[in-house]
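Engineer:
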Amino acid sequence: MAYLGLFFAGMFLCNALPHLLKGLQGEAFYTPWARPRGVGKSPALENVLWGCGNLLVATFLIDRIFLKNVPHGMVALAAGFILGAVALASIFAKRNAA
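Under this note's numbering, the residue at position 50 of the sequence shown is numbered 57, and the numbers go up by one with no gaps.
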């Protein structure tokens with residue numbers, strides 16, 4: 008169960024990055040509550056808040072799980088991050104091509 012938690016922590020950490028980067032640059036970016044849903048972009052402040060929320064969830068999961076000395080826990084964290092990165096790259100590439 009700890010590995011699954013760390014896997015999801017990696018995914019949340021990965022998802023936090025694009026939202027924080029775009030938001031901190033003052034640019035609009037996709038969020039779950041944008042209109043139209045799944046296509047529209049949200050303003051920079053909403054992206055910063057969404058990114059911080061993802062970062063908080065990732066930090067909480069890492070703190071509660073990884074600090075309990077899970078062997079090879081970084082592998083699960085990295086796997087979640089990498090899978091999240093590949094999925095996000097694929098999704099955003101399709102949206103940007105349209």
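We treat Cβ as the ideally placed atom computed from N, Cα and C, and that holds for glycine.
Predicted model only: the values in this text are computed from it and were never measured.
1. Tell me where the alpha helix (DSSP H) around Val82 begins and ends.
2. For Ala85, collect the residues of the same chain with a Cβ closer than 8 Å to its Cβ; drop the 5 residues on either side in sequence, then sort them by chain order.
3. Any idea which residues DSSP pairs Phe36 with across the strands?
4. Can you tell me whether Pro25 is helix, strand or coil according to DSSP?
5. Can you find a C-beta in chain C that's less than 8 Å from the C-beta of Gly47?
Structural biologist: Working from what's here:
1. Working through the sequence shown from its first residue, we reach residue 82 at position 75. Note, Val82: alpha helix (DSSP H), 80 to 104.
2. Within the sequence shown, numbered from 1, the residue matching residue 85 stands at position 78. Contacts found: Gly17.
3. Here residue 36 refers to the residue found at position 29 of the sequence shown. Under DSSP, the beta-bridge partners assigned to Phe36 are Ser49.
4. As a first step, residue 25 is located in the sequence shown; it is residue number 18 there, counting from the start. Note: Pro25 maps to helix in three-state DSSP.
5. Among the chains of the structure shown, chain C does not appear; only one protein chain is present.
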